[in-house]
Amino acid sequence: MSYWEIAIERASTNTLNSYRRVMENYPYLKDLAIKVRKAKEEVLKNLDYYIDLTLKSVEKTGGKGYYVNNAEEAREVIGKIVGKGKLVVMGKSMVAYEVGLRKYLESIGNEVYETDLGEFLIQLADEPPSHIIGPAIHMTKERVEQLLREKVNKNIKENASHEELANVAREFLYEKFIKANVGITGANAVAADTGSIVLVENEGNIRKTTVLPPVHIAITGIDKILPTLELAIAEALVQSGFNGLYPPTYINVTSGPSSTGDIELHRVSPAQGPKEFHLVLLDNGRKEAAKDDVLWEALLCVRCGQCHFHCPVYRVLDGKWGDPPYSGPMGAMWSYVVYKDPLPATLCTHSGGCKEVCPMEINIPRVLDYIKWKYNRKSS
Ligand code: SF4
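The sequence shown maps to residues 626 to 1005 in the numbering used here.
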């Protein structure tokens, strides 16, 4: 067995057990998921209205909102905010990967570090992510040890524990957080009524990325908008529950730059956290998909990553299915939505496991069948 096969097998066993435990212990998550699906449907039917409302709400909190059509525009807007010669820390963001942000910021003269452990590992290895929640799940502990010894600390002892390996990254990144000029994150959900972003995590790296540097930039897709902050937080709970890591260690809500009302209850900004907050909302094929009678369902995805582990194709292909960062059954849909690549969908064998576990009840086999049909029609 290759180390990829071993790693995916170990990760699948661990996650399936924790997923079942979470579903048994917190049955309310299923009801919450139904509520979130209805809210997302409402937004997708009225995207322009909700994009406009979100951008206005961000401005009201003292932040700056941007709507960008594609990856190029996203890189341009963020490149201008960041500038050159900066130290940038990044929280895990699939949309940042989608637009090639890290490599672009490096190419214009910035020092950039991924701070999520999995993302940090794939940055060190210069490999694509293999799963939307655990980007380095294709790496065994032995491979991680070897990589960290080569790139970060040659003194790591043989057969280091999981804890010791995590600590190597923690020590290396600590100084980067303190010195960073800019923090860049994604967003699990965006609240249209308040302009807040919600981020769910376990490591604490996102909390540091959003608070320590003087400038915070969040980039996310327009599909992440929810009508209210209440529903945006519900979305984060659903995402975390269905990925099997529940309760999440942290849920972060950011509404504009840091502020204080401690002098006469007059709210002013900044306080101890960032002086600037920027939210970049990306289309990149999402609006077109939202108008399609079948494809629109893909936009309901909350990125829980559970469909991957219930899919024989993903497991047989050792995680190498879909156009990075999108992988597995959701990735086969999203490869088409944002990259117009129908080929991952053609590998689907329609086992249907993905549909059974999807919290948004997306009919993934139907969407993939539709993409196949479009592809076959075009090539015949
Ligand atoms: S398609 Fe459904 S199961 Fe798969 S990642 Fe998205 S929400 Fe989760």
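Built from N, CA and C at the ideal position, the CB exists for glycine as well.
CB-CB length for residue 806 against residue 864, believed under 8 Å: At roughly 30 Å, the Cβ-Cβ gap does not stay under 8 Å, so residue 806 and residue 864 are not in contact.
Spatial neighbours of residue 777 within its chain, please: C-beta separation below 8 Å, excluding the five flanking residues on both sides. Cβ neighbours of residue 777 beyond the five flanking positions: 749, 793, 794 and 797.
Of all the options 707, 859, 760 and 664, which has the alpha carbon lying nearest to the alpha carbon of residue 946? Out of 707, 859, 760 and 664, 760 has the C-alpha closest to the C-alpha of residue 946.
What is the DSSP secondary structure of residue 986, reduced to helix, strand or coil? Here residue 986 sits in coil by DSSP.
Considering residue 933, what are the terminal residues of the alpha helix (DSSP H) in which it resides? Note, residue 933: alpha helix (DSSP H), 931 to 934.
Starting from residue 814, follow the beta strand (DSSP E) in both directions and report where the run begins and ends. Per DSSP, residue 814 belongs to the beta strand (DSSP E) from 814 to 816.
Checking the sheet assignment: what are the DSSP bridge partners for residue 877? Paired residues: 824.
Short Cβ contact (9 Å threshold) for residue 950 with residue 652: At the C-beta level, residue 950 and residue 652 stay beyond 9 Å of one another.
Using a Cβ distance threshold of 8 Å, determine whether the region 919 to 926 contacts the region 723 to 739, with at least three qualifying pairs required. The region 919 to 926 makes no contact with the region 723 to 739, as fewer than three CB pairs between them are under 8 Å.
DSSP beta-bridge partners of residue 739: Among the bridge pairs identified by DSSP, residue 739 is matched with 715.
Which residue marks the beginning of the alpha helix (DSSP H) containing residue 866, and which one marks its end? Per DSSP, the continuous alpha helix (DSSP H) segment holding residue 866 begins and ends at 854 to 867.
CA-CA distance, residue 817 and residue 854? Counting only the Cα atoms, residue 854 lies some 7 Å from residue 817.
So what's residue 901 in DSSP terms, helix, strand or just coil? Strand, per DSSP.
Inspect the beta-carbon positions of residue 726 and residue 747 and report whether they are closer than 9 Å. Contact: no.
Could you say if the region 902 to 912 and the region 831 to 844 meet the contact criterion of at least three C-beta pairs nearer than 8 Å? Between the region 902 to 912 and the region 831 to 844, the count of C-beta pairs closer than 8 Å reaches three or more; the two stretches touch.
If we ignore side chains and look at the alpha-carbon of each, how far apart do residue 715 and residue 898 end up? Cα to Cα, the separation comes out at about 16 Å.
Environment of residue 1003 [buried if 16+ CB atoms lie within 10 Å]: Counting Cβ neighbours within 10 Å, residue 1003 comes out exposed, since fewer than 16 surround it.
Taking all protein chains shown into account, decide if residue 757 is buried (16 or more other Cβ within 10 angstroms of its Cβ) or exposed. Within a 10 Å sphere around the beta-carbon of residue 757 sit 16 or more other beta-carbons, which makes this residue buried.
For residue 933 versus residue 981, is the C-beta distance shorter than 9 Å? At a Cβ-Cβ threshold of 9 Å, residue 933 and residue 981 do not count as neighbours.
Classify residue 822 as buried or exposed, calling it buried when 16 or more other Cβ atoms lie within 10 Å of its own Cβ. Using a 10 angstroms sphere on the CB of residue 822, the tally of other CB atoms reaches 16 or more, which defines it as buried.
Just to confirm, are residue 984 and residue 927 a CB contact at a threshold of 9 Å? The Cβ atoms of residue 984 and residue 927 sit closer than 9 Å to each other.
Leaving aside the five residues before and after residue 988 along the sequence, list all residues of the same chain whose C-beta is less than 7 Å from its C-beta, in chain order. Contacts found: 922 and 980.
Quick one: any contact between the region 858 to 877 and the region 822 to 838, if contact means 3 or more CB pairs under 8 Å? Yes: the two stretches touch, three or more of their Cβ pairs being nearer than 8 Å.
Determine the closest residue to residue 680 out of 815, 743, 973 and 993, with distance taken between C-alpha atoms. With distances taken between Cα atoms, residue 680 lies closest to 815.
Tell me which same chain residues have a C-beta within less than 6 Å of the C-beta of residue 721, skipping the five on either side of it? Answer for residue 721: 844, listed in chain order.
Residue 838: CB within 8 Å of a non-hydrogen atom of ligand 1: The answer is no for residue 838.
For the putative contact between residue 937 and residue 974, defined by C-beta atoms under 8 Å, what is the C-beta separation to the nearest angstrom? The Cβ separation is near 7 Å, so the contact holds.
Based on the DSSP secondary-structure assignment, which residues constitute the bridge partners of residue 691? 905, per the DSSP bridge assignment.
I'd like to check one pair, residue 869 with residue 644: are the Cβ atoms closer than 9 Å? Judged by their CB atoms, residue 644 and residue 869 are nearer to each other than the 9 Å cut-off.
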